[in-house]
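Colleague: Letter by letter, the sequence shown follows residues 0 to 312 of numbering that gives the first Met the number 0. Note that CB positions come from ideal geometry on N, CA and C, so glycine has one too.
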Amino acid sequence: MKSIQTVNGELHIEELGVTLIHEHLRTRDERVVKQFPHLYDHEEEVALAVAQVKAAKERGVRTIFDPSVLGLDRDVRFMQRVANDTGMNIVAATGIFTFHYLPTRFAFNDIDFMVTQFVRDIEIGVQNTPIRAGFLKCATDYQGVTPDVEKVIRAVARAHHKTGVPIMTHSHPASGTGLQQLAIFKEEGVPLNKVLIGHCGDSDNLEYIEKVLESGAFIGMDRYGLTHTISTEQRNDTVLALVKKGYANRIFLSQDYCCTTDAHKPEASKRAAYPDWSMTFLMDKVLPTLKEHGVTDEQINMMMVENVKAWLS
Ligand SMILES: [Zn+2]
């Protein structure tokens, strides 16, 4: 692919620029939003997202991939509004975010039904808009590849074959689920250099991460600022070791930041546990530290600009 669909239409891949590959303008559970709307403040959510995205833009970021899909209350109109208010390129996804079960509509239909919906999002538009999805997303957490999760992974693979758009996953390295995802993609005949195994940076187990890399897939060192699994220092050490081994051309750096999220609302105590977590931590603190430890500008450019083009094209 020479171009990608953003929420504001087609963009040539040469125009992507510095890219944050995994950030969320907002994540919520759509069931709670629908049934208890009083818990949410739309304008506050827009303001929080605009503030973070503007700050990222001031630091040179030009494009953000937002892998919110079904299960995280994807809302492409919300994304488009933030894109318009900030001038950021924002790329939406299609897929399903579930760790175990599917909604009834998908549970009682076959894989082809799911594939049809994903392809529609990519080729026609999401949520009855002309805004098209630019990549595919699936998730496998510590529960492993449950039957419903497997159905999503295979549907994502088949939608990739029909459309050519790349695949991003949520994985749980402590359970080795990235390798399980790759095994299914391989079975489905997906070229593994079109796959980005997300959240590999939640582990400093180089042996595991290198197994993922040996498949030909990209990896996401994409949760900078979150310290519930490993510290920022451990994340840096892992990236430094991998860059030293020559893997800069397979690594994405991002923060998995959620401008608002059900998991930790701005006022909730849990968020205070991650004082560094933001959409700018990477640019402000992480990249300078990596450079101090010998990562070159060229390698940073590879991870922040070039790899996204390789994953897409
Ligand atoms: Zn995420």
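Short of 6 Å in beta carbon distance, which residues of its chain neighbour ASP140, apart from the five on each side in sequence? Order them along the chain.
Modeller: Excluding residues within five positions, the ones whose Cβ falls inside 6 Å are PHE98 and HIS171.
Colleague: For ligand 1, I want to know if ASP255 counts as a neighbour, meaning its beta carbon is within less than 6 Å of at least one of the ligand's heavy atoms.
Modeller: Yes, the Cβ of ASP255 comes within 6 Å of a heavy atom of ligand 1.
Colleague: Go ahead and pull the three-state DSSP assignment for ALA198.
Modeller: Note that residue 198 is His in the sequence shown, not Ala. Coil.
Colleague: Given a threshold of 16 other Cβ atoms within 10 Å of its Cβ, counted over all protein chains shown, does PRO274 qualify as buried or as exposed?
Modeller: Exposed, by the Cβ-count rule.
Colleague: Determine the closest residue to GLN298 out of ASP255, ASP120 and VAL17, with distance taken between C-alpha atoms.
Modeller: Measuring from the Cα of GLN298, the nearest candidate turns out to be VAL17.
Colleague: Helix, strand or coil for LEU252? Go by DSSP, reduced to three states.
Modeller: LEU252: strand per DSSP, three-state reduction.
Colleague: Pull up the distance between the alpha-carbon of SER268 and that of ALA262, whole angstroms please.
Modeller: Note that SER268 has pLDDT 49, beneath the 50 cutoff, so the model's placement of it is unreliable and the number below is only indicative. So the alpha carbons of these two residues sit roughly 11 Å apart.
Colleague: Would the beta-carbon of VAL81 be found less than 6 Å away from any heavy atom of ligand 3?
Modeller: This structure lacks ligand 3; the ligands present are ligand 1.
Colleague: The alpha helix (DSSP H) with HIS159 in it runs from where to where?
Modeller: Taken as a continuous stretch (DSSP letters only), the alpha helix (DSSP H) holding HIS159 covers 146-162.
Colleague: Jot down the residue ranges of each uninterrupted alpha helix (DSSP H) in the segment 61-100, minimum 4 residues, whole runs only, in chain order.
Modeller: With a minimum length of 4 residues, the continuous alpha helix (DSSP H) runs that stay inside the segment 61-100 are 75-85.
Colleague: Starting from the Cα of GLY188, find the closest Cα among HIS292, GLU206, HIS159 and VAL148 and give me that residue.
Modeller: Comparing Cα-Cα distances from GLY188 to each of HIS292, GLU206, HIS159 and VAL148, the minimum goes to HIS159.
Colleague: Between the segment 171-185 and the segment 234-245, do three or more beta carbon pairs fall short of 8 Å?
Modeller: Verdict: no, contact absent.
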